[in-house]
Amino acid sequence: MTDVVVVESPAKAKTINKYLGDGYTVIASFGHVRDLPPKDGSVRPDENFAMDWQTDERGAKQIATIAKALKGAKHLYLATDPDREGEAISWHVRAALQEKNLLKNIDVQRVTFNEITKSAIKTAMAHPRDLDLPLIEAYLARRALDYLVGFTLSPVLWRKLPGSRSAGRVQSVSLRLICEREAEIEVFKTREYWTVTGDFETPGHAKFTARLTQLQGRKLEQFDLPNEDLAHAARDAVSSGQFTVQSVERRKVKRNPPPPFTTSTLQQEASRKLGMSAQTTMRAAQQLYEGVDIGGETFGLITYMRTDGVQMANEAITAIRAHIGQAIGAAFVPEKPRFYSSKAKNAQEAHEAVRPTDVTRSPAEVARYLTDEQRRLYELVWKRAVASQMQSAELDQVIVELADATKQTILRATGSIIAFEGFLKLYIEGRDDSKTDDDEGRVLPAMQDGDRLKNLGALAEQHFTQPPPRYSEASLVKRMEEIGIGRPSTYASILSVLRDRTYVRLENRRFIPEDRGRLVTAFLVSFFERYVDTNFTASLEEQLDDISGGRADWHDVMRAFWGDFSHAVEQTKDLKISDVIDALDEDLGAYFFPAREDGSDPRQCTACGTGRLGLRLGKFGAFIGCSNYPTCQFTRRLIADDADDGGALKDGMKILGQDPATGQDVTVRRGPYGLYIQQGEADPENKKIKPKRTTIPKGLEGDKLTLDQALGLLSLPRLIGVHPDLGEPIEAGLGRFGPYVKMGAIYGSLDADDDVLTIGLNRAVDCLAKKLASIRNLGPHPADKEPVMVRKGRFGPYVQHGQLIANLPKGQDMDDVTMEEAVALLAEKGKPLKAKGRVTRKPAAKAATGESKKQPAKKKPTTAKTKTSVKTTKTAKAAKAKVPSGKTS
Numbered sequence: 006m007t008d009v010v011v012v013e014s015p016a017k018a019k020t021i022n023k024y025l026g027d028g029y030t031v032i033a034s035f036g037h038v039r040d041l042p043p044k045d046g047s048v049r050p051d052e053n054f055a056m057d058w059q060t061d062e063r064g065a066k067q068i069a070t071i072a073k074a075l076k077g078a079k080h081l082y083l084a085t086d087p088d089r090e091g092e093a094i095s096w097h098v099r100a101a102l103q104e105k106n107l108l109k110n111i112d113v114q115r116v117t118f119n120e121i122t123k124s125a126i127k128t129a130m131a132h133p134r135d136l137d138l139p140l141i142e143a144y145l146a147r148r149a150l151d152y153l154v155g156f157t158l159s160p161v162l163w164r165k166l167p168g169s170r171s172a173g174r175v176q177s178v179s180l181r182l183i184c185e186r187e188a189e190i191e192v193f194k195t196r197e198y199w200t201v202t203g204d205f206e207t208p209g210h211a212k213f214t215a216r217l218t219q220l221q222g223r224k225l226e227q228f229d230l231p232n233e234d235l236a237h238a239a240r241d242a243v244s245s246g247q248f249t250v251q252s253v254e255r256r257k258v259k260r261n262p263p264p265p266f267t268t269s270t271l272q273q274e275a276s277r278k279l280g281m282s283a284q285t286t287m288r289a290a291q292q293l294y295e296g297v298d299i300g301g302e303t304f305g306l307i308t309y310m311r312t313d314g315v316q317m318a319n320e321a322i323t324a325i326r327a328h329i330g331q332a333i334g335a336a337f338v339p340e341k342p343r344f345y346s347s348k349a350k351n352a353q354e355a356h357e358a359v360r361p362t363d364v365t366r367s368p369a370e371v372a373r374y375l376t377d378e379q380r381r382l383y384e385l386v387w388k389r390a391v392a393s394q395m396q397s398a399e400l401d402q403v404i405v406e407l408a409d410a411t412k413q414t415i416l417r418a419t420g421s422i423i424a425f426e427g428f429l430k431l432y433i434e435g436r437d438d439s440k441t442d443d444d445e446g447r448v449l450p451a452m453q454d455g456d457r458l459k460n461l462g463a464l465a466e467q468h469f470t471q472p473p474p475r476y477s478e479a480s481l482v483k484r485m486e487e488i489g490i491g492r493p494s495t496y497a498s499i500l501s502v503l504r505d506r507t508y509v510r511l512e513n514r515r516f517i518p519e520d521r522g523r524l525v526t527a528f529l530v531s532f533f534e535r536y537v538d539t540n541f542t543a544s545l546e547e548q549l550d551d552i553s554g555g556r557a558d559w560h561d562v563m564r565a566f567w568g569d570f571s572h573a574v575e576q577t578k579d580l581k582i583s584d585v586i587d588a589l590d591e592d593l594g595a596y597f598f599p600a601r602e603d604g605s606d607p608r609q610c611t612a613c614g615t616g617r618l619g620l621r622l623g624k625f626g627a628f629i630g631c632s633n634y635p636t637c638q639f640t641r642r643l644i645a646d647d648a649d650d651g652g653a654l655k656d657g658m659k660i661l662g663q664d665p666a667t668g669q670d671v672t673v674r675r676g677p678y679g680l681y682i683q684q685g686e687a688d689p690e691n692k693k694i695k696p697k698r699t700t701i702p703k704g705l706e707g708d709k710l711t712l713d714q715a716l717g718l719l720s721l722p723r724l725i726g727v728h729p730d731l732g733e734p735i736e737a738g739l740g741r742f743g744p745y746v747k748m749g750a751i752y753g754s755l756d757a758d759d760d761v762l763t764i765g766l767n768r769a770v771d772c773l774a775k776k777l778a779s780i781r782n783l784g785p786h787p788a789d790k791e792p793v794m795v796r797k798g799r800f801g802p803y804v805q806h807g808q809l810i811a812n813l814p815k816g817q818d819m820d821d822v823t824m825e826e827a828v829a830l831l832a833e834k835g836k837p838l839k840a841k842g843r844v845t846r847k848p849a850a851k852a853a854t855g856e857s858k859k860q861p862a863k864k865k866p867t868t869a870k871t872k873t874s875v876k877t878t879k880t881a882k883a884a885k886a887k888v889p890s891g892k893t894s
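Numbers 6 to 894, taken from our numbering, label the letters of the sequence shown in order.
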């Protein structure tokens, strides 16, 4: 008789089962087992925000697996992740089991652990607790808010702004940040300024450079030398002067180590130092947290990676300090341990910072067991955590001022040297866009007050002010955290959605808003300004935190929000599309029609010469059109200033180079469905022989594609390697629905951050894992040695041998089928697998009366839908008649 433990992922389940032993059965929920149905009415504000919950096919299977394991068990431990989302998953699992009356005489407990180590798991199991109701209510409020905003605001966008995709509570505010930064860049006026430096030699014949800071007795500000004439006059004053050392200031400066990682700082530093996207970072961190096979045993290498806390457990601090003393040196261990507190807005600090679970497992020791992404990220986490407990770095800083004989012209030289490395011996933090420190590491020669210096000449340099930089993933995540919108665990998905909706694009690792994104932002700012305001969104996050802390009632928060929001939406009912166009045309006019150098009207139609160009909306979205329509039918796509769509394609084609093997041109071309790659040309005499072509996967820009990348895409599919457990080859390729990995007849889709040309074996196995969970390979068929598979289908499980399939008998589980049963089923009931593709239907035959025969209505597939306020019916007849559905209030 075993007790049951429910976790979120199969990798974690496998690791924890090893730690707990045979007395427990550990089962993965694969995330949420229920969710709100994606249709209107799933959240009902008029019924105190009652919510329907739907169990999809995968969730229903996991609940059935848990239910089967519970037979005879006395305890159910819900051990999902230690955060709000994990608490909600546990609540859903318990609710789904309660509705089926499967928890009778079973003690349900919640356990949490910050790291997947044997000691942490044992400690958690010894200290179970009840589900945290405030955390669950905070989840319900957040889920209801996101649903109501998305399902209420998105239809308004679709109706009033055709071509728009969606709006979201945090997504739209993030998009606004990107668009507003782009607007700042566009209106930025460059200013010229000059600086003057002088080169000098000390009595000891050492040379150095100093910068002019005071001229004619007046301190120089940034724009006090705005042109070449003034700059050259200042240069001449420096080069003709006799300078002595007026003062030498020496001081010791301490630099303290940064705290260990939170979710957001991990994403920022991984972006700056490793070039990883937020999504890639979180995926690798999840794998390190869940466990890695090291020498035949699985270990969780880092603590839970979704946290905004910077504190570490006392035993971890003690272990790290001991390791520093042994491995680096006693001088690098500070007298007292360092304790950190978060400065981030709305930080809850519910969990520890991200740190290694065992500091003695150094990056070098575990590197051979990790993928490249895992290795680099683990090294970053390990070094940051260890450095956070190291001694401060000490720098000797020197500031030297030089003066001419009149003391009216002053120059300054600064420099610093590292007197004691401290934590810098192990870790140097990545630089922000805004951080510059040109003097760090610059050593000045020895000088004393009154030293006469040899003047070696002066230099005047021209500069121009630069606009604020576009947001990178790191700087956008930092900005979102600073103003308190969203939560660290959601940043990766938010940034991914913005790109998937084609609201923004990532170019040179910087976010650039697409025209569609600017239109959506302008619309929301014009008509829903409050709901894309950063202060309002941050305030709402604070209220959600109050709910999770038990300081506010979630129904009250929802009522306050919904009253104002629904009223704002109601006011747009009578809004005409022409009103929307006028508002957007006024708001974005300067962007789409920038001023011309010759002073002519940028809106004058280039076709008819008399019409005025402006924003128009069509069935497929916005475009630029002439006011003289239909007389003048000039239009252009919605891009600023007649810009080309990425440039570089002349006459719809760009030559990348020649294939070394064949000598044929490799080109990027424009087709009716977008850009594609082609090798060679079509044969005019034999149209059946077509040149080799392939699509360009999402994430690669056609105008920036290299020859090597194009040849790699043309050579797909490529062999990645052999599955380590199953021994079958795995390939990567491009298909109708994007890049994929394939093992036999089993396909797994790749994420947006995966590169089909470089994806490795470990990641490919991970992509196939979910598919393999729904497929069983029974082995080779006795007749021809072709594999016999048991698969999960739309209408239930079935067995397959080549192109022959047979449905399993009703009620039979796919895990219980034997090879003998499968072979018998195929022989008795096997039928050919239907070919995929378009089916041409014959016209229905007419009846004798002249009326068409009625075709039977298509039977709609059903999903398991539950309502938490309605008990599940016990009889099979009632269950067949009506599937119960669920409310939450």
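Every residue gets a Cβ at the ideal spot worked out from N, C-alpha and C, and that includes glycine.
Exposure of residue i, with buried meaning 16 or more beta-carbon neighbours within 10 Å
i: Met658; result: exposed
i: Ser47; result: buried
i: Gln221; result: exposed
i: Pro665; result: exposed
i: Gln684; result: buried
i: Gly64; result: buried
i: Glu189; result: exposed
i: Arg115; result: buried
i: Arg255; result: exposed
i: Glu833; result: exposed
i: Ala774; result: exposed
i: His572; result: exposed
i: Gly26; result: exposed
When the options are compared against residue i, the one with the closest alpha-carbon
i: Pro472; options: Leu75, Glu185, Met819, Arg768; result: Glu185
i: Ser245; options: Ser252, His237, Asp670; result: His237
i: Phe469; options: Glu357, Ile68, Glu197, Leu618; result: Glu197
i: Phe54; options: Ala565, Ser531, Leu724, Gly462; result: Ala565
i: Asp538; options: Arg506, Ile586, Met485, Ile552; result: Met485
i: Pro785; options: Met819, Ala778, Asp820, Met824; result: Met824
i: Gly614; options: Leu620, Asn691, Arg621, Ser605; result: Ser605
i: Leu158; options: Ser544, Phe528, Gln548; result: Phe528
i: Phe213; options: Val250, Glu187, Ala239; result: Val250
6 Å Cβ shell around residue i - same chain, five flanking residues per side excluded
i: Arg277; result: Gly435, Ala479
i: Ala275; result: Met281, Thr286
i: Ser439; result: Caution applies to Ser439, whose pLDDT of 48 falls short of 50 and renders its modelled position unreliable; the model cannot decide the point.
i: Lys388; result: Leu431, Tyr432
i: Leu830; result: Val804, Ala811
i: Gln413; result: Gln221, Gly222
Cβ shell of residue i (< 7 Å), same chain only, five flanking positions each side left out
i: Gly807; result: Glu791
i: Ile499; result: Val175, Gln176, Ser179, Gly491
i: Leu225; result: Leu217, Thr218, Gln219
Contacting residues, own chain, Cβ-Cβ under 8 Å from residue i (five flanking each side not counted)
i: Asp112; result: Lys79, His80, Leu81
i: Pro133; result: Tyr82, Gln114, Arg115, Val116
Chain C contact for residue i (CB, 8 Å cutoff)
i: Gly305; result: The displayed structure is made up of one protein chain only, and chain C is not part of it.
Proximity test, residue i beta-carbon vs the ligand MG heavy atom, cut-off 7 Å
i: Arg617; result: Within the structure as shown, the ligand MG is missing, as the structure has no ligands at all.
Strand pairing of residue i, partner residues [DSSP]
i: Glu399; result: Lys259, Phe425
i: Asn460; result: Phe205
i: Lys224; result: Gln219
i: Phe469; result: Glu197
**OP:** Scan the segment 512 to 578 and note each continuous beta strand (DSSP E) run of 3 residues or more that stays entirely inside, going in chain order.
**Re:** Segments of the beta strand (DSSP E) lying fully in the segment 512 to 578: 515 to 518.
**OP:** May I have a chain-ordered list of the beta strand (DSSP E) segments no shorter than 3 residues that lie completely inside the segment 744 to 828?
**Re:** Every beta strand (DSSP E) stretch that sits fully inside the segment 744 to 828 and reaches 3 residues is listed by chain position as 751 to 754, 780 to 785, 792 to 798, 801 to 806, 809 to 812.
**OP:** Note down, one range per segment and in chain order, each alpha helix (DSSP H) of at least 4 residues found wholly within the segment 74 to 129.
**Re:** For the segment 74 to 129, whole alpha helix (DSSP H) runs of length 4 or above, ordered along the chain, are 89 to 104.
Original post:
Which ranges would you report for the alpha helix (DSSP H) in the segment 273 to 331 if only whole runs of at least 4 residues count?
Top reply: Secondary structure in the segment 273 to 331: the alpha helix (DSSP H) runs of 4 residues or longer, each lying completely within the stretch, are 283 to 295 in chain order.
Subject >> Runs of alpha helix (DSSP H) lying entirely within the segment 13 to 74, each at least 4 residues, in chain order >> reply: Counting only runs of 4 or more, we get 15 to 25.
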